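J.:
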Amino acid sequence: MAGKFKEAQPLCTKSEWALVQECDTGAMAAMPLARVRRKAAAARRLRDKWRDLSIRQKRDAGDPAAAVRSKDKAGLFGEVHEIFQKHVDRLERAALKEAMLKRDRLLKKTNQAYPGKKKSPLAPKVKKDAAWPKKIGTPKKIQGHISSRNKRNQAKRDGR
408 MAGKFKEAQP LCTKSEWALV QECDTGAMAA MPLARVRRKA AAARRLRDKW RDLSIRQKRD
468 AGDPAAAVRS KDKAGLFGEV HEIFQKHVDR LERAALKEAM LKRDRLLKKT NQAYPGKKKS
528 PLAPKVKKDA AWPKKIGTPK KIQGHISSRN KRNQAKRDGR
């Protein structure tokens with residue numbers, strides 16, 4: 408990949424060129440997902456920076472041919488960003504697939520280990536003791552007040 412961008416090396420600073428070189432597929436293969444995301448974000452920031460600068464320079468000069476170097480750098484970092492973003496997408500899909508396989512294996516394992524149970528053994532267990540309320544909800548005494556209040560409010564709305 409970096410060979411593809413070799414003619415762009417004179418355009419870049421040292422740190423920018425290091426980022427361009429890191430978009431090589433061999434270098435990206437060893438990077439963890441978080442680092443590739445950071446590199447994609449850095450490439451996006453540089454693309455936006457040079458794109459905005461080229462627009463500003465064109466406006467100031469009043470000539471569409473002005474700011475060619477800035478436009479070239481914006482295009483370069485746009486391509487680098489696309490490469491990093493595609494790799495991020497591939498890594499995320501692989502991580503999601505691995506998580507789904509892991510979940511399926513766990514569910515398969517738990518169903519075999521606990522035949523006939525309806526609840527998953529992974530569900531939180533709630534201890535019930537003597538203080539546990541038998542009926543959860545609003546007491547009858549309060550329910551009457553609530554329904555009366557609702558009827559009064561509805562009558563007010565209807566009267567308007």
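In terms of my numbering, the sequence shown opens at residue 408 and continues consecutively. Using N, Cα and C, we set each Cβ at its ideal position, and we do this for glycine too. Remember, it's a predicted structure, so these values are computed and weren't measured experimentally.
Measuring alpha carbon to alpha carbon, tell me which of Ser555, Leu503, Lys480, Arg564 ends up nearest Leu440.
T.: Here the closest residue by C-alpha is Leu503.
J.: Alpha carbon to alpha carbon, how far is Asp467 from Met435?
T.: Cα-Cα distance, rounded: 39 Å.
J.: Please determine if the segment 476-483 and the segment 453-462 are in contact, where contact requires at least 3 C-beta pairs separated by less than 8 Å.
T.: Yes, the segment 476-483 touches the segment 453-462.
J.: Can you name, in chain order, every residue of its own chain whose Cβ lies under 6 Å from the Cβ of His494, other than the five neighbours on each side?
T.: Correct list, in chain order: Met435, Val443.
J.: Spatial neighbours of Gln464 within its chain, please: C-beta separation below 8 Å, excluding the five flanking residues on both sides.
T.: Excluding residues within five positions, the ones whose Cβ falls inside 8 Å are Ala473, Ala474, Ser477.
J.: Just to confirm, does Trp457 get its C-beta within under 6 Å of one of the non-hydrogen atoms of the ligand FAD?
T.: Looking for the ligand FAD in the displayed structure turns up nothing, as the structure carries no ligands at all.
J.: Identify, in the order they occur along the chain, each residue of the same chain with its Cβ nearer than 7 Å to the Cβ of Ala520, setting aside the five sequence neighbours on each side.
T.: The predicted position of Ala520 is uncertain, since its pLDDT is 49 and thus under 50; a value taken from the coordinates is nonetheless stated next. Excluding residues within five positions, none has a Cβ falling inside 7 Å.
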